Structure formats: C-alpha cells, structure tokens
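All remarks here apply to the structure that follows.
Number of protein chains: 2
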Amino acid sequence: MTYCVAMRLNEGLVLVSDSRTNAGVDHIAVFRKLHIFGIDHERVLVIQSAGNLATSQAVITLLRQRIKQDEGRHLHNVGSLFEAASLVGDTLRDVLKKYKEQDMDFSCSLLLAGQIKGEEPQLYNIYPQGNFIVSTEDTPYFQIGESKYGKPILDRALDYKTSIEKALRCALISFDSTIRSNLSVGTPLDLLVYKKDSLLVPSGRRLHDDDPYWHMIRTHWSEGLKATLASLPPPPDNYWA
Amino acid sequence: MTYCVAMRLNEGLVLVSDSRTNAGVDHIAVFRKLHIFGIDHERVLVIQSAGNLATSQAVITLLRQRIKQDEGRHLHNVGSLFEAASLVGDTLRDVLKKYKEQDMDFSCSLLLAGQIKGEEPQLYNIYPQGNFIVSTEDTPYFQIGESKYGKPILDRALDYKTSIEKALRCALISFDSTIRSNLSVGTPLDLLVYKKDSLLVPSGRRLHDDDPYWHMIRTHWSEGLKATLASLPPPPDNYWA
C-alpha cells in the first residue's frame, strides 16, 4: 500500500508521500513515490504515485527519458499544467496497454502538482484510466492510496486559506494516523513544500523515524487527543442505562 | 454502507451501530442494525450487522422465529456464547446458500456480543463465510462496515481496562469521524451498554442528531482537535525550505 497527500493552498503546495511498498506483508521495501521535475524560474512539477510499482516506475522513467531526449511533448516543454496532466495520463495509458490482456491489476494512481510561469499553481488527480480532475478552492487536497485513516483530520482542519506551515503539520498528523492503523504505510516520508510564485525547484526533505520534529509532534498530538477525550463531559445520568 | 463497533471490556460491553443503508447515493434509508435478544437474569445477546440488508434481515428473522417456535437449537437455549456464534454463522450460511449461483455479493458481516450465566461476557466477529473469531484482552474491539475513518481514535485511546463510560465517549467520537468523512454512514445511532454480570437485557438508546449530549461532544471534540493542532510547535527553521 501507499499513502500520498497533496494540497494546493492559497500560499502554495504541500506534498507528502510515504515510501513503503509491499507485495504481501512478507515482502516490504522502500521506494520513493515523490518525483520532482522542473527548471528554476520557469516551472516546477511534482508527481506522486500509488498502486502498481512497475507501472508507476515505467511512467516516471518514460517521462524523464523524454525530457532527456528533448523530442516531442515532455514535462519541460509543455505550455501548461493541464497539458502536463494530459501527457502524464497518456503515458500511463501507454504503459498499461501491453498488459491489458492479463487479468491482473497493474493500475496506478498519480497526483501531479506544480506551477508553470504565467499560471497559478495547480494540482491534478490522475486516475488509473488516464483522465484527471483538478483541485479547486472548495476541494484543496487530494489523496491516493490508503486515504481513509488520515482523512478525518484533513476534513476538519484544512481549507484553501490554511497556511502552508499549518498544512504541513496537518499532513504529518494525517500520516501519523495512517501509519498507526495500517502496517503497509511507513516511513521514511518524503515531504515537499512549494511557495507560490517562487518557481524554484524544491529538493524536498526525507523524514525518518528518528527525526526529532516528527517524533515530537506525534507525541504531542497523541497526548492532545487523549487529553481532549478525557476532558469530554461524561453522558448525563441514565443516558445509556 | 454501515459502521458498527463493539467493545468487550473489563467492565462490560459497549456497542454502537449507525442506521443508514444505501443502494447507491440516491437510495438511502434508515434500518436498525443492532438487534437485542435475551432473558433477564439468564442471558443477553446482541447482534450487529453490516453488508447486504436482505441477508442480515433474513438471518435476524430466522433467529427470532426459532426462539418463538422453541424447537431445536436457538439463541435462548444454547449453552454458551460459542454455540450462539456457531448458530448465527450456520444461519448466515443457510441464508446465502440459495443465492450462491448468482454472481453478486449478498454477503454480510455480523458481530455477536453478550453474556450467558456462568460465562464471562464475550464478543464474536462472524465472517460472511460463517466462521468467527472471539475478542480478547489484547484485541478488545471489533468493527464491521466502514471501519477505517473511525479506527485511529480506537487504536489510540481504547484498551481492555478502559471504563465503559469512557469507551462510550470513544465510540461516539469514532462515529463522529466516520460520519464526517463518509456520507453513507449516518444517524440515528443505536447504542447499548451492558454491565458485566448484570444479566439484565438492556433496551439500548437511539441517538438522533438533535441529541444535546451527542451535539455537545462532537463540538467539544472538534474544538479540542483544532486546538491541539494549533498548539503543535511549528517545524524548525529551514525544515522544509
């Protein structure tokens, strides 16, 4: 399994991905699921992936090869994020074409976030079929993979105007909840924050279990939840008798 | 969809079920999913159901009919909770037998909790195949239906020694998280608390949206979460720059 979340907020983008892959619980490995593209002062593009690893690796490799060969449409020459999403979707469909005779699930889901000079930052959710939707102010975040455990905190605490710093804390809490409830999602986490209009390709940060800040907010959050639960008033007399 | 949680704790049992059923988002109805059986001073048995409504209704109806006819094995004459779980599983298999030729999912999942005089309270998770597992001190709760959104709070706050009063608050918070994130789970909720060794058949309580206590703890919880999130220290300088 995998868990990736991407937020497109007023101040910029916040992206976090886990790095655990598994083929059964007895076959677990670490693979990066957050892939950075771009040219400083011109464009920043980041792809997060969930689903079949062979498929997502093939998509990323093909996208990188086309940039290197600089022939035809590629992520460093498309004119808009919409075109980039379309290119990623097409690449995904191409990769899946050769496996379609086989009765197995080779699909993957992708998130594409970024900014191209002259446009606002955008975030796309690219489905396994290659079509896609874009995030809006009403729906400023997308998740792929194991999304449920970590969704309640996002639904409560996040909106388009949330600062990217607070959104990052919120994303880390969402990962904490997911990691506690599902063994197939695990650290290290790859996180990346992009400030709107900076147009500088960020390097992102890899966050390991021994990261002091990660450890501290996990503990702080857990204690805060328990204290809040303990402070809830008990039911009235005879409420459930 | 459906969400049911059942806890078997040192002090007794805490059970909560939602009541929303749906066949597509345009066909939503209210059906009770928590069914009470028993004889005061002798036995208390409660079944919660998730999955195909026709199947779970047939199972409950057959179990009630057999009690009424008082022939053969039924829930009011079996000698142990284990036998009761076995009877419920067998009844489920019988109901599903006639549909097995059809390529559709008619399955349902059931939780059986209760106490029969001379035994400890017990909680069984009965799978769609009719086999079952029993809860233990290590794993004091089971969920069926839409379990993921509401699991993190249970994983953090609940253990076998949690008081039933606190466990009830914890269960209601788990429902709050689920209801906020999944439209197919909805009020009214049916809740039931059974104090170990009382052997009195509880009537349970139906909790509607306008219930003042439910409203109050939802608000209190939401504010507590937001305050905890706001109080998390921000990342160190250059943490993600």
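Chain order of the listed sequences is A and B.
Going from the first sequence to our numbering is simple: count from 1 and add 6.
Going from the second sequence to our numbering is simple: count from 1 and add 6.
Ideal Cβ positions, reconstructed from N, Cα and C, are used throughout, including at glycine.
Since this is a predicted model, take the numbers as computed values, not measurements.
Chain-ordered chain B contacts of residue i [CB-CB under 7 Å]
{"i": "K106(A)", "result": "Within chain B, no residue comes near K106(A); the closest Cβ sits about 22 Å away, beyond 7 Å."}
{"i": "T234(A)", "result": "W227, G230, L231, T234"}
Chain A contact residues for residue i, given Cβ-Cβ distances below 8 Å
{"i": "P242(B)", "result": "Y219"}
{"i": "L174(B)", "result": "P241, W246"}
{"i": "Y155(B)", "result": "K154, Y155, K157, P158"}
{"i": "R211(B)", "result": "Y245, W246"}
{"i": "I179(B)", "result": "L235, L238"}
CA-to-CA distance, residue j to residue i, given in whole angstroms
{"i": "T193(A)", "j": "F112(A)", "result": "24 Å"}
{"i": "E107(A)", "j": "S141(B)", "result": "44 Å"}
{"i": "S187(B)", "j": "I42(A)", "result": "31 Å"}
{"i": "D24(B)", "j": "L195(B)", "result": "4 Å"}
{"i": "L129(B)", "j": "L174(B)", "result": "16 Å"}
{"i": "H33(A)", "j": "G124(B)", "result": "46 Å"}
{"i": "L231(B)", "j": "Y155(B)", "result": "15 Å"}
{"i": "R211(A)", "j": "L235(A)", "result": "33 Å"}
{"i": "T8(B)", "j": "L178(B)", "result": "15 Å"}
{"i": "M222(A)", "j": "S86(B)", "result": "48 Å"}
{"i": "I150(B)", "j": "R72(A)", "result": "47 Å"}
{"i": "L81(A)", "j": "V191(B)", "result": "42 Å"}
{"i": "E152(A)", "j": "R26(A)", "result": "12 Å"}
{"i": "V22(B)", "j": "I185(A)", "result": "25 Å"}
{"i": "F88(A)", "j": "D96(A)", "result": "12 Å"}
{"i": "L121(B)", "j": "L205(B)", "result": "The amino acid at residue 121(B) is misidentified as Leu; the sequence shows Gln. Straight-line Cα distance between these residues: approximately 7 Å."}
{"i": "V101(A)", "j": "T61(A)", "result": "7 Å"}
{"i": "K39(A)", "j": "I170(A)", "result": "21 Å"}
{"i": "A233(B)", "j": "F181(A)", "result": "19 Å"}
{"i": "P241(A)", "j": "C176(B)", "result": "12 Å"}
{"i": "D76(B)", "j": "V50(B)", "result": "17 Å"}
{"i": "P146(A)", "j": "I139(A)", "result": "12 Å"}
With 16 other Cβ atoms within 10 Å as the buried cut-off, status of residue i
{"i": "E17(B)", "result": "buried"}
{"i": "A163(B)", "result": "buried"}
{"i": "F37(B)", "result": "exposed"}
{"i": "V31(A)", "result": "exposed"}
{"i": "A35(B)", "result": "exposed"}
{"i": "L19(B)", "result": "buried"}
{"i": "L160(A)", "result": "buried"}
Helix, strand or coil at residue i [DSSP, three-state]
{"i": "S62(A)", "result": "helix"}
{"i": "A4(B)", "result": "This structure gives no information on residue 4(B), because the portion of chain B shown stretches from 7 to 247."}
{"i": "S228(B)", "result": "helix"}
{"i": "D216(A)", "result": "coil"}
{"i": "K104(A)", "result": "coil"}
{"i": "H41(B)", "result": "strand"}
{"i": "F181(B)", "result": "helix"}
{"i": "L87(B)", "result": "helix"}
{"i": "T8(A)", "result": "coil"}
{"i": "F109(A)", "result": "Before going further, note that residue 109(A) is Asp rather than Phe in the sequence given. If DSSP states are grouped into helix, strand and coil, D109(A) belongs with coil."}
{"i": "S115(A)", "result": "strand"}
{"i": "S165(B)", "result": "The residue you asked about is not Ser; residue 165(B) is Asp in the sequence shown. Looking at D165(B) - three-state DSSP - the assignment turns out to be coil, as it is neither helix nor strand."}
{"i": "T97(B)", "result": "helix"}
{"i": "K123(A)", "result": "coil"}
{"i": "Q135(A)", "result": "coil"}
{"i": "L197(B)", "result": "strand"}
{"i": "S209(A)", "result": "coil"}
{"i": "L3(B)", "result": "Any property of residue 3(B) remains undetermined from this structure, which presents chain B solely from 7 to 247."}
{"i": "T27(A)", "result": "strand"}
{"i": "R79(A)", "result": "coil"}
{"i": "S92(B)", "result": "helix"}
{"i": "L69(A)", "result": "helix"}
Neighbour list for residue i in chain A, Cβ cutoff strictly below 7 Å
{"i": "D161(B)", "result": "R186, S187"}
C-beta atoms of residue i and residue j nearer than 7 Å
{"i": "L117(B)", "j": "A12(B)", "result": "yes"}
{"i": "V52(B)", "j": "L98(B)", "result": "no"}
{"i": "L93(A)", "j": "R79(A)", "result": "yes"}
{"i": "Y219(A)", "j": "P208(A)", "result": "no"}
{"i": "T168(B)", "j": "L59(B)", "result": "no"}
{"i": "N131(A)", "j": "F148(A)", "result": "yes"}
{"i": "S183(A)", "j": "P158(B)", "result": "yes"}
{"i": "G57(B)", "j": "S115(B)", "result": "yes"}
{"i": "L198(B)", "j": "L213(B)", "result": "no"}
{"i": "P127(B)", "j": "K202(B)", "result": "yes"}
{"i": "L238(A)", "j": "H226(B)", "result": "yes"}
{"i": "Q54(A)", "j": "C10(A)", "result": "yes"}
{"i": "A90(A)", "j": "V84(A)", "result": "yes"}
9 Å Cβ cut-off: residues of chain A touching residue i
{"i": "E171(B)", "result": "P240, P241, W246"}
Chain-ordered chain B contacts of residue i [CB-CB under 9 Å]
{"i": "I223(A)", "result": "L238, P239, P241"}
Under 8 Å from the C-beta of residue i: neighbouring residues of chain B
{"i": "L197(A)", "result": "W246"}
{"i": "S183(A)", "result": "P158"}
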